[in-house]
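I have placed the structure first, in the form of structure tokens, so that the comments after it can refer back to it.
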Amino acid sequence: MDFLNAIVALSNFVLVPAIAYGSQLALGALGVTLIYGILRFSNFAHGDTMAFGSMTAVLVTWWLQSLGVSLGPLPTALLALPAAILGCMLLVLFTDRVVYKFYREQKAKPVILVIVSMGVMFIMNGVVRFIIGPNDQKFSDGERFIISAREFKQLTGLREGLAIKTTQGITVVVAIIAVALLFWFLNRTRTGKSMRAYSDNEDLALLSGINPERVVMYTWMIVAALATVAGVLYGLDKSFKPFVYFQLLLPIFASAIVGGLGNPLGAIAGGFVIAFSEVTITYAWKKVLKYMMPESLEPNGLVQLLSTDYKFAVSFVILLIVLLFRPTGLFKGKSV
Amino acid sequence: MIVVEDVHKHFGGFHAVDGASLEITKGSITGLIGPNGAGKTTLFNVIAGVLPPTSGRVTMDGEDITGLPPHELFHKGLLRTFQIAHEFGSMSCRENLMMVPGAQSGETLWNTWFGRKRIADEERALRAKADEVLEFLTIEHLSDHKAGQVSGGQKKLLELGRTMMVDAKIVFLDEVGAGVNRTLLNTIGDAIIRLNQERGYTFVVIEHDMDFIGRLCDPVICMAEGKVLAEGTLEEIKANEQVIEAYLGTGLKNKDQLEGA
Amino acid sequence: MSEPFLIGDTMTGGYGKGPDILHDCTIAVNPGEIAVIVGPNGAGKSTAMKAVFGMLEVRSGSVRLDGEDITKLSPQDRVVKGMGFVPQTSNIFTTMTVEENLEMGAFIRTDDFSQTMEQVYHLFPILKEKRYQAAGELSGGQRQQVAVGRALMTQPKVLMLDEPTAGVSPIVMDELFDRIIEVSRTGIPILMVEQNARQALEIADKGYVLVQGRNAYTGTGKELLADPEVRKSFLGG
Amino acid sequence: GGHAKEVKLGIIFGFTGPIESLTPPMAAAAELAMKEVTDSGLLLDAATVTPIRADSTCVDAAAATAAAERLITSDKIDGIVGADCSGVTGAILANVAVPNGMVMISPSATSPALSTAEDNGLFFRTAPSDARQGAVMTEVLMEMGIKEVALTFTNNDYGKGLATSFEEAFKAAGGTVTITAAHEDGKADYSAEVGALAAAGGDRLVVAGYLDQGGSGIVRASLDSGAFDTFHFPDGMYGALLEENFGDEIDGSTGQVPGTDSPGAGTIREMGDANGFDGTSSFVAESYDAAALVMLAMQAANSKDPADYKGKVMDVANAPGEKIYPGELAKALQILKDGGDIDYVGGTAVELIGPGESAGNYRQYEMKGGKITTVKYR
Amino acid sequence: MSEPMKNTFLFALVGCLILLTGFMQSWNTALLILNMGLISAIMAIGVNLQWGFAGLFNVGIMGFVALGGLAAVLVATPPTPGAWSAGGYRVVLALVLGAATVTAAVLVNARLPKGRNRNMITLAILVGGFFLYRGVFDPGVAAIEAINPAAAGNIGGINLPILLAWPVGGLLAAGAAWLIGKTALGLRSDYLAIATLGIAEIIIAVLKNEDWLARGVKNVIGLPRPVPYEIDLQNDPGFVENAVSLGLDPVTASTLYVKLGYSVLFAVVLLVLLWMAQMALKSPWGRMMRAIRDNEVAAEAMGKDVTRRHLQIFVLGSAVCGLAGAMMTTLDGQLTPGTYQPLRYTFLIWVMVIVGGSGNNMGAVLGGMLIWFLWVQVEPIGLFLMQVITSGMSEGNALKEHLIDSAAHMRLFTMGIVLLLVLRFAPRGLIPEK
Ligand SMILES: Nc1ncnc2c1ncn2[C@@H]1O[C@H](COP(=O)(O)OP(=O)(O)OP(=O)(O)O)[C@@H](O)[C@H]1O
Ligand SMILES: Nc1ncnc2c1ncn2[C@@H]1O[C@H](COP(=O)(O)OP(=O)(O)OP(=O)(O)O)[C@@H](O)[C@H]1O
Ligand SMILES: [Mg+2]
Ligand SMILES: [Mg+2]
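Protein chains in written order, with this note's numbering: chain H, 81 to 416; chain E, 471 to 731; chain Z, -17 to 219; chain S, 422 to 799; chain V, 20 to 453.
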């Protein structure tokens, strides 16, 4: 029994949240990694693209809710997704047309594009706050939990509860589907291969009859879809707040890098590495040990490797260690 | 001078160099030939310190140089060119050459602030030298051109030009001829012979052009599938059945038909 | 004489805003013909090829394919029109496997290209061995084979090769020339830059010598080979 | 000195940056006070009061200094309402306000360190120092018989200062803090913190953070994982969002905010409703009071020159005199004009002590049926 | 327009912008912008050394700037009474022990033959060392932090003139850069970028959480200055007399005097650094660096020790950033670790370098000054824009209110627009590399 309790406590506070957070990061990292893989720059505007997509979803969700539409136990926001993705696509395609295209034609160095994407980030940032304001916005509805801690305790009679949120479930499922689709798309389909070809050698892609503008357009569209989905799922799980999407950028980049830029599998792996390192290294094992150990050996300290003050630092330390042994990430990413 | 003892280089499960042993005598111009993918370039890279060998040993004048980094080998007098040109794209052709000599006093930060006179003198000499080499390579008109924006063959010439900027003991040339005009290649061949005779440079030359190999090289080593297949004068090699089958072939099949048609 | 199938007619042009590299340079090729361009390094051979393929601006003159003026078309439109090109440098997708490189060659084809792929593998057996390896990990000569293979996959109506034999071993070179002859026999015009000039001119129907962006000598392959001046200055004696 | 037709007041808040969602109602409240005074036509020579906003960014000292510099030297303001975050407040004070002799009244900089900052008598705040709150909090918890708590704080001078003073006071009173874990604001995920907090355990989780920042994230994650279901909230966690976001999920949780049973707080809320801002949001009442104090001090000194009125701030804020509530600024101006004395109470029962900071009255509340219900005042 | 003409024009333009600020807003604002602009220019030079010369994508500027700031505290503040005896020596001992542990582990790793044995021993040393370190360290820290936590609680400094903190800041940053470079410089492009970004975050985390060092998030305020205090000037009859004779009121005169003092100090540092960087760039050293940037493999084959040179320039560039960081903290008069944000202290500097023109020192300086000017001035510009846009709308219009309320967000928005515009018309920067 105690052993079960220990497992449940560990799952509840470490495994489930880390898996869910990891999937959230992975979804974001997929977008970043795709841009890097194909358009060859680190897109700083990705966080704000996510914010824009989610904002559209929030607005549509509100509208749907006001019409009384709902999805039963699932959040209504899922219904709003297609519209939001469309909105986000329009935005990024527009951005590409008026901003990035110019530098592509100039064959500007990647770092220029990085800085340009910062400019885009500032602008999107302003646009989002301008439209919906800087505040927290709630738009989630439906069933919050697949199983809540209380229900779990009643169900099993254990002392420890295990909570799994609907959004966590959806996020994990979506992340897995997204990565599988993307992997298949890039490695198996003609369009996907042409995208990789373009990213490898633009001039030669031209000579093979690949239309670069098409490739770029597809890339942005996929990225917009990924960004919106990631943003909405994140917003459902926590709440929608523009500033946080900007902050999310850092762990997302870290995930993409640890996994290896340009590789969808890497994005997933990276997301989990970052999430698990944040959650486990600073976890206080006291509770788990209390169940596992005989009473006499019970720890009186917290049994915490490092205090949570350093959680962010820890994930970066892990990132560094990974990179020292694998300089281009776990899955041999690209580098320009 | 250079002794390669049972060198292996594996990429994953693939054995690019598979137990190659050879010896390069001082003052020779050794030709290294072999089919595409025989492992010639890989062997060069192992000797020049770009790739660590999976196993085996390389010595130079009796000293073990296995795994030494390229920049140290450079200072020991070992120079090499790259099969796929590695120019410094954003620098002018002249700068591409001027950067080569080691031990420039201007490469020490301190001197750039407090030893400007000395640097200026050195630079003048270097510049003259670089211009001389550029002229020899018939690209003097490109001296201020960015190296990233010259023709494919010209990049190969720069590649070669770099080795002419310093006094080397041994120079590894990896297909300097590919993409270079044959008339110019002849001149280059002459220069190699001259350097070899007058200054005692040792050369190792990878080439697929048998005329060029024939004019310059003795001995010739033929590699195939990561191993040394044959070694000897070009005549001997040309007569070797295995070499013909793997590398030289028997000439155009279609040509006669073409002429017949 | 009637209009050639593909002609870059009195082309003048250069890179970006830079000076003219080509000066009234003309190259042309007809079905069933092999045209070879030779000349010293930096003469503008590659530039001429790129100009014909629309990869740099032709400031005066024109490019015509089968009588149609294509001077203004983008490279990928020319691919669709049936032109195939192997550039001199960076001519493979280094991060993609050999097989994917070939597939990309067939990008515009909608029919089943497995047959063509088999032919390419037959021509360059080493590529079949390395079909799942990243092309960037190949040796210099192997890369060159991939590059040519990629262009063959297009099944082009006209094939342009910029130094296809640079760095390939004699046996492969012979095979390659054989194949080129074969291809040209099927009626496909071939335009080729070569430094292996003597061998190339031997099989050439037409030869151009470019010097400093200008046509210096033009003639059949045999004529040029026989011209002592040309031999001495450009073919290495 | 001298009379003037126009008074300009700078409002330096972090309109962008980590507390950007708190600042708009704060600024609106301050501006409301100014409008009230302008409309009354009683300040000095019936002066109009013009607010000029500037962005402190909350975190970028250099940008904040530049903004303040511009307000003082270029817009020629006569007083500053702000800044908001303690860090930038200190920078503006030392680099701009003191050198230029400008009065600054901050509604929300609560760092104890500011109590001892070199200020030439120019700096005041309507928010109490966190040192005081720690003690109040301990009292509240002890009275409820809670002896063991877990503590998380937002990792800045506010959170850290509050956490330290609380921990000290709580331990001194015989309580135990099982863990003190910092959390960073605006981060994506708080599972790690909640995991550690849950493992350490405690009767209650004290969240010394911001309601619309990491604090909410911590509460949300704690609730969802079942780690804690009752909390104790210091001032940064108070606001309408508490009811909106959590409602009855956190029934039984407690907290305290600066506040009094004086009717002022209610008035501010109503004024907010009438003018389209959230009167219950954090530091909104303090902002109103800060602006009011500047103007009342001017009136008392009969001058808009900071050098003249800086000495009057304490006088108008404290007894003796007629008690003044929000919305009664006209009355106060009149009294001062007539040479009378006032004791400004405002929305937060302002009482300035020591180095010019709020003495600190607190309202203790509890969540009941998803509503914030006042328990008592202390 | 010829090259030098264009460049002179651009610098003149920035000068004019600052002068214009002086006339339109106030001279204090203008000088303040100038001062921070000078510091930004120095940081930009540091980044340009690393990126423009050597192609190192260092996105950890913030960390080095913060270390410079730490130096200011450690050098210029008075020591906290009793802190050293309470726990200071203990902490130093602990740090030495920690360093010894790492050194021992590295040595063991280098000396012993590969294998399980080596791994076990290394691990044992590291784990044992960690506990030993924590055992010595924690009580020391607790003791220091217990001393008057509201106002001190840290070890304090050594009470030397703050000008000394500038070179010390450079050294501190250089030391950190050396350590980082030794481990992380094997990484390339964006991998190096994120690694350095992470390291900067770690440095900030340490500054925020190690209260014994510099009070952590409780901030250190009131750092001493290298220039006089305004109040003292205002109380100095001689000064007041001079001010009045110049037709200035004493308050304005004193604030201007102080700022001018800073300007001169900063300008001197900037000019010296600029000269040094220019000389280095134009010399064979600069040529070698560019060669390494263009093609590492070839440079290595041509006898250049790429690793060492990368380390050298990484340390140099970081030192410059550290120096600038110390200068900035001096100007601010306070160290507030919570305010170090990558956006402001890393990416903004990068924007300066890229907009100015990477690979060109003059470009970096220009970019530093110009972008800083814009960073400060876009706020009023944004507000102004909003007012212009809304001027046609009626009073009380909801949209108008919304627009005016959103004006503050227009700051970043405007910054973005300006950035894109500049890069559109000068995609390689205003003064590109030749
Ligand atoms: N990084 C690598 N990873 C995997 N295989 C490699 C790698 N580099 C080279 N190879 C393989 O090793 C073999 C030898 O290559 P190498 O470049 O040495 O050939 P080479 O003799 O120089 O041929 P060429 O005449 O075509 O230049 C080739 O089959 C190549 O595919
Ligand atoms: N990208 C470029 N930008 C500017 N100038 C270029 C560029 N590429 C080549 N050039 C210049 O154009 C001229 C002709 O180059 P081109 O590549 O056409 O020569 P080529 O005849 O193909 O020579 P090679 O036999 O060496 O390949 C050269 O002088 C070269 O300096
Ligand atoms: Mg080779
Ligand atoms: Mg060419």
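The C-beta atom is built at its ideal place from N, Cα and C for all residues, glycine as well.
If I'm right that residue i touches residue j with Cβ under 8 angstroms, what's the distance once you round it to whole angstroms?
i: threonine 362 of chain H; j: serine 387 of chain H; result: 7 angstroms
i: glutamate 15 of chain Z; j: serine 166 of chain Z; result: 7 angstroms
i: valine 641 of chain E; j: threonine 500 of chain E; result: Their Cβ separation, rounded to whole angstroms, is 11 angstroms, which puts valine 641 of chain E and threonine 500 of chain E out of contact at 8 angstroms.
i: glycine 169 of chain Z; j: methionine 135 of chain Z; result: That belief does not hold up - the Cβ atoms of glycine 169 of chain Z and methionine 135 of chain Z are roughly 18 angstroms apart, past 8 angstroms.
i: leucine 192 of chain Z; j: glycine 26 of chain Z; result: 6 angstroms
i: serine 536 of chain S; j: proline 776 of chain S; result: 5 angstroms
Sort the options by Cα distance to residue i and report the nearest one.
i: histidine 653 of chain S; options: S:Met558, S:Thr469, S:Leu464; result: S:Met558
i: glycine 203 of chain Z; options: Z:Thr168, Z:Ala33, Z:Leu173, Z:Thr29; result: Z:Leu173
i: isoleucine 517 of chain E; options: E:Asp601, E:Pro539, E:Ile503; result: E:Pro539
i: leucine 663 of chain S; options: S:Ala584, S:Asp762, S:Gly680, S:Val628; result: S:Val628
i: alanine 661 of chain S; options: H:Asp216, H:Ala355, H:Met297, H:Phe225; result: H:Asp216
i: glutamine 101 of chain Z; options: Z:Asn197, Z:Arg161, Z:Thr53; result: Z:Arg161
i: threonine 246 of chain H; options: H:Phe405, H:Ser91, H:Val96; result: H:Val96
i: valine 383 of chain H; options: H:Leu369, H:Glu282, H:Glu293, H:Glu375; result: H:Leu369
i: arginine 447 of chain V; options: V:Phe28, V:Gly378, V:Tyr359, V:Asp157; result: V:Gly378
i: lysine 592 of chain S; options: S:Thr575, S:Leu562, S:Met455; result: S:Leu562
i: threonine 141 of chain V; options: V:Val121, V:Gly159, V:Asp157, V:Leu151; result: V:Val121
Below 7 angstroms, is the gap between the Cβ of residue i and the nearest heavy atom of ligand 3?
i: lysine 479 of chain E; result: no
i: serine 121 of chain Z; result: yes
i: lysine 510 of chain E; result: yes
i: glutamine 553 of chain E; result: yes
Among residues of its own chain, excluding the 5 on either side of residue i, which ones have a beta-carbon nearer than 7 angstroms to its beta-carbon?
i: isoleucine 663 of chain E; result: Leu686
i: glycine 423 of chain S; result: At glycine 423 of chain S, the pLDDT of 47 sits below 50, so the modelled position is not reliable; the number obtained from the coordinates is stated separately. Hits under 7 angstroms: Ser724.
i: tyrosine 281 of chain V; result: Asn54, Val246, Leu350
Any heavy atom of ligand 4 closer than 7 angstroms to the Cβ of residue i?
i: glutamine 70 of chain Z; result: yes
i: glycine 622 of chain E; result: yes
Here's the rule I'm using: 16 or more other beta-carbon atoms within 10 Å means buried, otherwise exposed. How should residue i be labelled?
i: threonine 495 of chain E; result: exposed
i: asparagine 54 of chain V; result: buried
i: glycine 118 of chain Z; result: exposed
With a CB to CB cut of under 6 angstroms and the five nearest residues on each side skipped, what residues in its chain are close to residue i?
i: glycine 189 of chain V; result: Ala338, Gly341, Leu342
i: arginine 137 of chain V; result: Leu131
i: alanine 334 of chain H; result: Ile354, Leu399
i: alanine 731 of chain E; result: With a pLDDT of only 38 at alanine 731 of chain E, under the threshold of 50, the placement of this residue in the model should not be trusted, and no figure is reported.
i: arginine 443 of chain V; result: none
Looking at ligand 2, does it come within less than 7 angstroms of residue i, judged from the CB to the closest heavy atom?
i: alanine 33 of chain Z; result: no
i: lysine 27 of chain Z; result: yes
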